[in-house]
Structure formats: C-alpha cells, structure tokens
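Residue numbers (UniProt numbering): 1 to 104. One structure is given here, and the rest of the page talks about it.
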C-alpha cells in the first residue's frame, strides 16, 4: 500500500470565485478519502487535495470532475503525488512556547 495525494486546481471565470468554491464544496466523491483539504488562493483559484490509501501510485482513484456551467476560466490542472515520508513535527521546546498570560 502507498499513500497517494491527488491535487485538483481550478481558476474561476472572472467574478465567479465564490460560486466555484461552493460548487467544489457541493461535490461528493464515490469513496471517502483518508483526508481532504479545500483551499483558495489569489486569482479566484480553488485547490482540493485528497489523500488515499492505494495499492499502487497509478491506482484508479475518485477525482473531482471539470466544473460545468462556465465556472472555470480554463481546464482544471491535476497532479498526483506519492508519499515517501511522513513525520509529525516535534513538540515545541519550553523556550519556544508562546508566552502565557500572568496568573492571578
């Protein structure tokens, strides 16, 4: 098994960024990913990253479709990545901790 991350990025047609974001939020994939994040960026772009347990890097996985109804300014960009390392960030050392408010 390997973890595969699929990235889907679309640029909204002018003035339709919120509509594109709502469209993405309304989509349902036929299977549930391990994790999913929806992000937005400058230029009315929306990015969706999904993580999957897969038998192989090129396994068939559910993907978001092209948005319809003239929502996108161009074809969707898609990327596929395979996890090679995963780590949890170390805990902050005591001197790196944010200051605490004074206790009364």
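Don't be surprised by glycine CBs; every beta carbon is placed ideally from N, CA and C. It should be emphasised that the depicted structure is a prediction, and the values quoted were computed from it without experimental measurement.
When you compare only the Cα positions, how much space is there between residue i and residue j?
i          : j           : result
residue 21 : residue 102 : 42 Å
residue 43 : residue 16  : 11 Å
residue 85 : residue 9   : 24 Å
residue 88 : residue 35  : 16 Å
residue 24 : residue 54  : 23 Å
residue 11 : residue 1   : 33 Å
residue 57 : residue 78  : 15 Å
Using the rule of at least 16 other Cβ atoms within 10 Å of the residue's Cβ for burial, across every protein chain shown, is residue i buried or exposed?
i          : result
residue 52 : buried
residue 71 : buried
residue 90 : exposed
From this set, the options, which residue's C-alpha is nearest residue i's C-alpha?
i          : options        : result
residue 45 : 58, 36, 61, 7  : 7
residue 13 : 79, 50, 74, 83 : 74
residue 49 : 62, 56, 58     : 62
residue 37 : 64, 69, 2      : 64
residue 33 : 60, 66, 76     : 60
With DSSP as the reference, identify every bridge partner of residue i, one or two as the case may be.
i          : result
residue 79 : 7
residue 40 : 46
residue 55 : DSSP output for residue 55 lists no bridge partner at all.
residue 2  : 54
residue 35 : 51
residue 22 : BP columns for residue 22 are empty, so no partner.
Under the assumption that residue i contacts residue j (Cβ atoms under 8 Å), give the Cβ distance between them as a whole number of angstroms.
i          : j          : result
residue 81 : residue 5  : 5 Å
residue 69 : residue 76 : The pair is not a contact, with the Cβ atoms about 14 Å apart (cut-off 8 Å).
residue 39 : residue 29 : 17 Å between Cβ atoms; not a contact.
Would residue i pass as an interface residue toward chain C - the criterion being a Cβ-Cβ separation below 8 Å?
i          : result
residue 83 : In summary, chain C is missing from the structure at hand, where a single protein chain is found.
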